[in-house]
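Quick notes on the structure that follows.
Protein chains: 2
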Amino acid sequence: MNDTLRTAPDLDETDLAILERIEDDFDVSLETLADQLDISKSAVHYRLNKLKDGGVIQSVTADIDPLMLGLEMAAITDVMVSHESGYSEDIGERLVELDGVEKVYYTMGDVDFVVVSRVQSRDQLNNIIERIVAIDGVNSTSSKFVMQEFDPEHGVAANLTDEARSAVIDHTGE
Amino acid sequence: MNDTLRTAPDLDETDLAILERIEDDFDVSLETLADQLDISKSAVHYRLNKLKDGGVIQSVTADIDPLMLGLEMAAITDVMVSHESGYSEDIGERLVELDGVEKVYYTMGDVDFVVVSRVQSRDQLNNIIERIVAIDGVNSTSSKFVMQEFDPEHGVAANLTDEARSAVIDHTGE
DNA sequence: AATGAAATCGACCAGCA
DNA sequence: TGCTGGTCGATTTCATT
């Protein structure tokens with residue numbers, strides 16, 4: 456057996472059901488969850504703690520509408536770096552530190568980093584791009600505006616294929 | 456005055472401070488927040504409700520570690536569509552409905568959609584790509600693997616520039 | 001908009017299967 | 001280990017300012 460994988464410490468169907476429910480809306484009472492799952496409130500709470508301690512639930516966060524903060528503009532910037540100078544990880548960390556940057560992906564292929572940023576104005580976007588090219592090792596950038604965004608109705612747990620579900624649940628023949 | 460913007464219904468510095476705190480970790484007691492902000496617990500709760508009702512806080516969600524569900528592979532797929540057939544919005548909605556798809560951006564420029572997906576295996580990624588090209592109107596795709604991801608330490612509210620902050624707070628001379 | 005008191009709900013503990 | 005039931009503390013609600 457391999458011990459290198461730090462995948463979930465034995466999740467069952469009940470755990471998955473809890474995750475599917477709360478990953479989209481944590482504003483449910485323990486009682487509601489308990490009723491839906493036919494277990495007691497304490498059991499739900501016990502499992503929630505286990506999922507938090509086990510790192511399955513990384514955090515509980517309030518999702519803020521960017522539009523309400525005036526952030527009406529999003530952009531995707533491809534960043535090419537010169538591979539000679541410095542390690543990519545450092546550049547990635549510098550990119551993600553920039554104000555307005557929401558997410559950074561380091562990718563294989565001709566593009567090295569994909570940077571998603573969210574700003575109030577074109578000026579602010581230009582500002583971000585300037586700060587990106589100022590980073591040591593950055594060769595060139597290419598940006599495109601985001602016209603519209605689509606978010607899945609359900610999160611990761613609910614989007615698992617049947618194949619993926621069973622792979623999560625029975626990692627050992629108990 | 457324009458009335459078309461549905462930006463935040465008058466946020467003040469206290470609201471922003473609350474948002475900055477809970478967008479990264481909602482697991483704080485009202486008492487802690489009240490102490491940090493020098494207002495009463497009830498006042499914090501009152502403001503939280505106002506922020507939820509006003510749509511500033513869209514939802515409270517549990518963030519799940521994809522790795523714990525075996526989703527160790529992420530990919531970014533550029534999708535080109537033929538502009539003659541159908542509206543882009545329909546294609547975007549079909550893309551985001553696919554299992555494993557985490558986010559879809561509709562962009563200006565040569566690339567029409569940028570699709571971020573998260574899967575357990577290369578097979579599952581191939582499966583997603585197959586379903587993408589099967590969508591009516593999709594011309595071609597180009598995918599790249601994500602080797603590493605970088606997330607900001609703080610969320611949108613904390614990443615506002617000073618310029619953006621003041622733009623949020625004093626939208627009317629009260 | 002904010003407060004304090006009362007009702008409700010969640011967190012924790014000891015014990016049990 | 002997973003769960004139960006009960007207790008305590010926290011949160012939600014509401015009348016009041």
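Protein chains in written order, with this note's numbering: chain X, 456 to 629; chain G, 456 to 629. By construction, the Cβ of each residue, glycine as well, lies at the ideal position given by its N, Cα and C atoms. As the structure is a computational prediction, the values presented were derived from the model and not from experiment.
Interface flag, residue i vs chain G, CB-CB below 7 Å
{"i": "ASP554 (chain X)", "result": "yes"}
{"i": "MET456 (chain X)", "result": "Because MET456 (chain X) carries a pLDDT of 42, less than 50, the predicted location of this residue cannot be relied on, and the following value inherits that uncertainty. MET456 (chain X) does not count as touching chain G."}
{"i": "GLU585 (chain X)", "result": "no"}
{"i": "LYS496 (chain X)", "result": "no"}
{"i": "TYR501 (chain X)", "result": "no"}
{"i": "VAL570 (chain X)", "result": "no"}
{"i": "SER621 (chain X)", "result": "no"}
{"i": "TYR560 (chain X)", "result": "yes"}
{"i": "ILE546 (chain X)", "result": "no"}
{"i": "GLU629 (chain X)", "result": "With a pLDDT of only 44 at GLU629 (chain X), under 50, the local geometry of the prediction cannot be trusted, and the value read off the model is given with reservation. Not closer than 7 Å to any Cβ of chain G, the Cβ of GLU629 (chain X) fails to qualify, so no."}
{"i": "ILE624 (chain X)", "result": "no"}
DSSP state of residue i mapped onto helix, strand, coil
{"i": "TYR501 (chain X)", "result": "helix"}
{"i": "MET523 (chain G)", "result": "helix"}
{"i": "MET456 (chain G)", "result": "In this predicted model, MET456 (chain G) has a pLDDT of only 43, less than 50, meaning its place in the structure is not dependable enough to derive any value."}
{"i": "THR616 (chain X)", "result": "coil"}
{"i": "ILE584 (chain X)", "result": "helix"}
{"i": "SER537 (chain G)", "result": "coil"}
{"i": "VAL566 (chain G)", "result": "coil"}
{"i": "GLN575 (chain X)", "result": "coil"}
{"i": "GLU552 (chain G)", "result": "helix"}
{"i": "ILE590 (chain G)", "result": "coil"}
{"i": "SER514 (chain X)", "result": "strand"}
{"i": "ILE494 (chain X)", "result": "coil"}
{"i": "SER621 (chain G)", "result": "helix"}
{"i": "GLU557 (chain X)", "result": "strand"}
{"i": "SER595 (chain X)", "result": "strand"}
{"i": "GLU604 (chain X)", "result": "strand"}
Proximity test, Cβ basis, 7 Å: residue i and chain X
{"i": "THR616 (chain G)", "result": "yes"}
{"i": "MET535 (chain G)", "result": "no"}
{"i": "VAL588 (chain G)", "result": "no"}
{"i": "LEU580 (chain G)", "result": "no"}
{"i": "GLN491 (chain G)", "result": "no"}
{"i": "MET523 (chain G)", "result": "yes"}
{"i": "MET563 (chain G)", "result": "yes"}
Closest Cα partner of residue i within the set the options
{"i": "ASP520 (chain X)", "options": "G:ILE546, G:ILE512, G:ALA589 and G:LEU488", "result": "G:ILE512"}
{"i": "LEU506 (chain G)", "options": "G:TYR561, G:LEU474, G:SER543 and G:GLU468", "result": "G:LEU474"}
{"i": "ASN631 (chain G)", "options": "G:GLU468, G:ILE546 and G:PHE481", "result": "The question about residue 631 (chain G) has no answer, for chain G in this structure spans 456 to 629."}
{"i": "ARG428 (chain X)", "options": "X:TYR560, X:LEU553 and X:TYR561", "result": "Limits of chain X in this structure are 456 at one end and 629 at the other, which puts residue 428 (chain X) out of reach."}
{"i": "ASN504 (chain G)", "options": "G:VAL551, G:ASP493, G:LEU485 and G:LEU492", "result": "G:LEU485"}
{"i": "ALA529 (chain X)", "options": "X:VAL566, X:SER514 and X:ASP578", "result": "X:ASP578"}
{"i": "PHE605 (chain X)", "options": "G:THR469, G:GLU527 and G:VAL551", "result": "G:VAL551"}
{"i": "VAL515 (chain G)", "options": "X:ILE590, X:ARG476 and X:VAL571", "result": "X:ARG476"}
{"i": "ASP508 (chain G)", "options": "X:GLU557, X:LYS558, X:MET523 and X:GLY592", "result": "X:MET523"}
{"i": "ASP533 (chain X)", "options": "X:ASP625, X:ASP493 and X:VAL571", "result": "X:VAL571"}
{"i": "PHE481 (chain X)", "options": "X:GLN603, X:ASP617, X:GLY610 and X:THR562", "result": "X:GLY610"}
{"i": "SER543 (chain X)", "options": "X:GLU478, X:ALA619, X:VAL566 and X:ASN582", "result": "X:VAL566"}
{"i": "ALA619 (chain X)", "options": "G:ILE584, G:LEU526, G:GLN491 and G:ARG586", "result": "G:LEU526"}
{"i": "GLY555 (chain G)", "options": "X:ILE584, X:LYS558 and X:ALA612", "result": "X:ALA612"}
{"i": "GLN603 (chain G)", "options": "X:VAL569, X:TYR560, X:GLY564 and X:SER598", "result": "X:TYR560"}
{"i": "SER598 (chain X)", "options": "X:VAL483, X:GLU585 and X:GLU608", "result": "X:GLU585"}
{"i": "GLU468 (chain X)", "options": "X:GLU557, X:ARG502, X:ASP518 and X:LEU580", "result": "X:ARG502"}
{"i": "HIS538 (chain X)", "options": "X:GLU557, X:GLY564 and X:ALA517", "result": "X:GLY564"}
{"i": "SER621 (chain G)", "options": "X:THR487, X:GLN575, X:VAL536 and X:GLN491", "result": "X:GLN575"}
{"i": "VAL429 (chain X)", "options": "G:VAL483, G:ALA517, G:THR487 and G:ASP493", "result": "The requested residue 429 (chain X) does not occur in the structure, where chain X is confined to residues 456 to 629."}
Own chain partners of residue i with C-beta closer than 8 Å, once the 5 adjacent residues on each side are dropped
{"i": "ALA489 (chain X)", "result": "SER495, LYS496, ALA498 and VAL499"}
{"i": "ILE587 (chain X)", "result": "THR532, VAL534, LEU550, LEU553, VAL570, VAL593 and THR596"}
{"i": "THR562 (chain G)", "result": "PHE568 and VAL569"}
Close-in-space but distant-in-sequence residues of the same chain around residue i (CB under 7 Å, 5 per side omitted)
{"i": "SER601 (chain X)", "result": "The question names Ser, yet the displayed sequence has Val at residue 601 (chain X). For VAL601 (chain X), where only same-chain residues beyond five positions count, the Cβ hits under 7 Å are ALA529, ALA530 and ILE531."}
{"i": "ARG549 (chain X)", "result": "ILE590"}
{"i": "GLU557 (chain X)", "result": "VAL571, SER572 and ARG573"}
heavy atom of the ligand SAH below 6 Å from residue i C-beta
{"i": "GLY547 (chain G)", "result": "Absence of the ligand SAH from the depicted structure is noted, as is the absence of any ligand whatsoever, leaving it without description."}
Cutoff 6 Å; reference residue i; Cβ partners in own chain excluding five residues on either side
{"i": "LEU580 (chain G)", "result": "ALA530 and VAL574"}
Practice task
With 7 Å as the limit, tell me which residues of the stretch 464-488 of chain G have their beta carbon closer than that to any beta carbon of chain X; keep them in chain order.
Solution key: Taking 7 Å as the upper bound on Cβ-Cβ separation, chain X lies near residues LEU474, ILE477, GLU478, ASP479, ASP480, PHE481 and ASP482 of the stretch 464-488 of chain G.
Problem - Contact set between the stretch 588-615 of chain X and chain G, restricted to residues whose Cβ is under 7 Å from the partner - result: Listed by position along the chain: LYS599, PHE600, VAL601, MET602, GLN603, GLU604, PHE605, ASP606, PRO607, GLY610, VAL611, ALA612, ASN614 and LEU615.
Problem - Chain-ordered residues of the stretch 505-521 of chain X with a beta carbon less than 9 Å from chain G - result: LEU506, LYS507, GLY509, GLY510, VAL511, ILE512, GLN513, SER514, VAL515, THR516, ALA517, ASP518, ILE519, ASP520 and PRO521
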